[in-house]
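**Student:** The structure follows.
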Amino acid sequence: MKTVTLRRVYDDLSPDDGVRVLVDRVWPRGLTKEAVHFDEWVKHIAPSTPLRRWYGHQPERFVEFRRRYLIELQDVQSQATIERLRKLARTTPITLLTASKDIEHSQAAVLIDLLRGPHTPTLGDAGSA
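Per the UniProt record's numbering, the sequence shown starts with residue 1, numbered consecutively.
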């Protein structure tokens with residue numbers, strides 16, 4: 001597998017980024033579409049608005065957020081997107097982009113684990129961090 005990395009959308013471009021995939025549901029504040037260098041925006045695999053609002057980027061809620069988010073990702077469209085990105089990552093570097101300030105406690109951190117891992121977690125895997 002090639003490299004799968006995680007960066008803030010506000011960070012400078014890197015020649016090592018490969019395919020740049022925006023994984024937020026909401027467009028990043030203060031940026032125009034011309035200013036964000038991305039190849040794909042997969043907002044349908046971002047957390048639902050109710051889950052995002054409940055989480056509120058509170059690190060103490062991350063384990064529960066991750067569990068709930070993995071449940072949301074069980075739909076057919078999300079699974080197909082994750083599998084497509086995993087296949088792409090076998091041949092080219094991928095950079096997941098998020099506007100989150102705390103990327104280690106963001107949906108992008110959950111997604112990168114899915115892409116780097118040996119399989120797509122099932123609901124039984126949702127409780128592990």
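Glycine residues also receive a C-beta, built at the ideal position from the N, C-alpha and C atoms.
Would you check if the distance between the CB atom of A80 and the CB atom of D24 is smaller than 7 Å?
**Tutor:** Within the sequence shown, the letter at position 80 stands for residue 80. Within the sequence shown, the letter at position 24 stands for residue 24. No, Cβ-Cβ distance for A80 and D24 is not below 7 Å.
**Student:** May I ask you to verify whether the region 67–78 touches the region 38–54, counting CB pairs closer than 8 Å and requiring at least 3?
**Tutor:** Contact between the region 67–78 and the region 38–54 is present, because at least three Cβ pairs lie under 8 Å.
**Student:** Counting C-beta neighbours from all protein chains within 10 Å, is the total for H105 16 or more, i.e. buried, or is it exposed?
**Tutor:** By 1-based counting over the sequence shown, the position of residue 105 is 105. H105 is buried by the Cβ-count criterion.
**Student:** Going by other Cβ atoms of all chains shown within 10 Å of its Cβ, with 16 needed for buried, is V76 buried or exposed?
**Tutor:** For this step, residue 76 is matched to residue 76 along the sequence shown. Exposed, because fewer than 16 other Cβ atoms sit within 10 Å of the Cβ of V76.
**Student:** In chain order, what are the residue ranges of uninterrupted beta strand (DSSP E) at least 3 long that sit wholly in the region 8–48?
**Tutor:** Runs of the beta strand (DSSP E) inside the region 8–48: 19–22.
**Student:** Determine the closest residue to R84 out of D17, S14, D16, V21, with distance taken between C-alpha atoms.
**Tutor:** Start at 1 with the first residue of the sequence shown, and residue 84 comes out as number 84. Looking at the Cα atoms, V21 is the closest of the given residues.
**Student:** What residue from S14, K87, D17, V42 has the CA that sits closest to W27's CA?
**Tutor:** Position 27 of the sequence shown, counted from the first residue, corresponds to residue 27. Ranking S14, K87, D17, V42 by Cα distance to W27 puts V42 first.
**Student:** What residues are listed by DSSP as bridge partners for V110?
**Tutor:** Position 110 of the sequence shown, counted from the start, is the residue given in the question as residue 110. None; V110 has no bridge partner.
**Student:** Report the three-state DSSP secondary structure of L73 (helix, strand or coil).
**Tutor:** On the sequence shown, residue 73 is found 73 positions in, with the first residue counted as 1. Note: L73 maps to coil in three-state DSSP.
**Student:** I'd like to know whether the C-beta atoms of L96 and I82 end up nearer to each other than 7 Å.
**Tutor:** Position 96 of the sequence shown holds residue 96. Position 82 of the sequence shown holds residue 82. No, Cβ-Cβ distance for L96 and I82 is not below 7 Å.
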